[in-house]
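Q: Heads up, the sequence shown is in my numbering, so the first residue is 1 and it goes up one at a time.
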Amino acid sequence: MAGRRILVVDDEPQITRVLRTTLSGHGYEIRVANDAEAALDVFSDWPPELVITDLSMPNMTGIDLTRKIRDKSAVPIVVLSVRGEERSKIEALDAGADDYVTKPFNMNELLARVRAHLRRFTPVKAEDPEISIGDFKIDLAGHRVFVRGEEVHLTPKEFDLLVYFARHPERVITHPVLLRSVWGPQSAHQNEYLRVFIGQLRKKLEGGTEKHYIVTEPWVGYRFTPGE
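1. Can you have a look at G221 and say buried or exposed, based on whether 16 or more other CB atoms are within 10 angstroms of its CB?
2. In the DSSP assignment, what residue or residues form a beta bridge with V51?
3. Where E230 and T53 are concerned, what is the direct C-alpha to C-alpha distance, given to the nearest angstrom?
4. Does DSSP put E150 in a helix, in a strand, or in coil?
5. Does DSSP classify S132 as helix, strand or coil?
6. Hey, L194 and L205 are a contact pair by Cβ (cut 8 Å); roughly how many whole angstroms apart?
7. Just to confirm, are L140 and V172 a CB contact at a threshold of 8 Å?
8. Could you compute how far the alpha carbon of R20 sits from the alpha carbon of L110?
9. Let me check one thing: in DSSP terms, what residues is T102 bridge-paired to?
10. I'd like the span of the beta strand (DSSP E) that includes E217, first residue to last.
11. Alpha carbon to alpha carbon, how far is A95 from R70? Give it in angstroms, no decimals.
12. Keeping to the same chain, check which residues put their C-beta closer than 6 Å to that of T16; ignore five residues upstream and five downstream.
13. Cβ atoms of I131 and F165: under 8 Å apart, would you say?
14. Under a three-way DSSP split, which group does K137 fall into?
15. What separation, rounded to the nearest whole angstrom, lies between the Cα atoms of V78 and A112?
16. Assuming contact is defined by CB atoms lying nearer than 8 Å, are I30 and I63 in contact in what I supplied?
17. What is the DSSP secondary structure of T174, reduced to helix, strand or coil?
18. Find the nearest neighbour of T22 within the set V182, T174, V145 and V114, judged by alpha-carbon distance.
19. What do you reckon, are the CB atoms on E158 and F197 nearer than 8 Å?
20. How many whole angstroms separate the CB atoms of K291 and S81, which I take to be in contact at a CB cut-off of 8 Å?
21. Looking at the structure shown, is V163 part of a helix, part of a strand, or coil, going by DSSP?
22. Using a threshold of 7 Å, is the CB atom of E130 nearer than that to any non-hydrogen atom of the ligand NAD?
23. Alpha carbon to alpha carbon, how far is T225 from V42?
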C-alpha cells in the first residue's frame, strides 16, 4: 500500500493536519485541499487513488464534490460526517461515495477502511466473463456461483444481486441504489422486498458458517465483504 495517493479534503486545519500526519506515517502520498474547488484542481493535476472528503464545506459541499468526481472517475471516495448528518450521509452515498466515517472518528478504523478500498480498487469490467474476488468465483455467462470452491445455486435475481455486490466490494450501497440497479427504478422504495432477498442470499452464501459477506449498515444499506 505504500506510496499510493490519497487526496484529503476538509476545511478544518486540525483534521487535515491529523490526517496528513497519520496517513503519511503509514507510507501514503498525501495532498490536502481546504475546499471542494481546490480539490478538483488537485484531482486534475495529481490523480489520487482514494479521496477522503468532509461533507460540510463552504461554496461546494462534499456531496457536490462527490458527484463531480464520480462523473469522471471510479476512484474510491470516503466521506467524513458528524453525528446528525444522516440525511446528508445517505445523499453522499447515493451520489457515488463508497463509504463514510463519522466524526469524531477512530483513526485505526479509518486506516482499515482506507486499506480495504485501496486493496479492492481494481474495478471489474462489465465485459469480463468471470468475477473472481475473495471467496467468490462468479461465472457470468453460465450463471454459476462458487463460494470457497463449492457451487451455490441462486435464483436469477439473487444472482443479479450478488453480481452487483461483487462489482462494488467494500462499498456502502444504499437501499434505493441497490433496488434501482437490480430491480429497476419502479422498485426504488421497496425496502422490505430487498430485505427478504438479502436474507435468502445470506443463507445460501454463508451456509451456517461464521462468515458474514453481506453486512448491514443500519438505516443506510449494505456492504459486501468478499473475504480474502
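By construction, the Cβ of each residue, glycine as well, lies at the ideal position given by its N, Cα and C atoms.
A: The structure says:
1. buried
2. According to DSSP, which records beta bridges pairwise, V51 is partnered with L7 and I77.
3. What the structure shows of the chain is the stretch from 1 to 228, and residue 230 is not part of that stretch, so it cannot be assessed.
4. In the structure shown, E150 sits in a strand (DSSP, three-state: E or B).
5. strand
6. No, L194 and L205 are not in contact; Cβ-Cβ is about 16 Å, not under 8 Å.
7. no
8. 13 Å
9. T102 is bridged to S81.
10. I214 to E217
11. 8 Å
12. V8, D10 and V32
13. no
14. Annotated three-state conformation of K137 is strand, per DSSP.
15. 12 Å
16. no
17. strand
18. V114
19. yes
20. A query on residue 291 cannot be resolved here, the shown segment of the chain reaching from 1 to 228 and no further.
21. helix
22. Here there are no bound small molecules, and the ligand NAD is not part of this structure.
23. 31 Å
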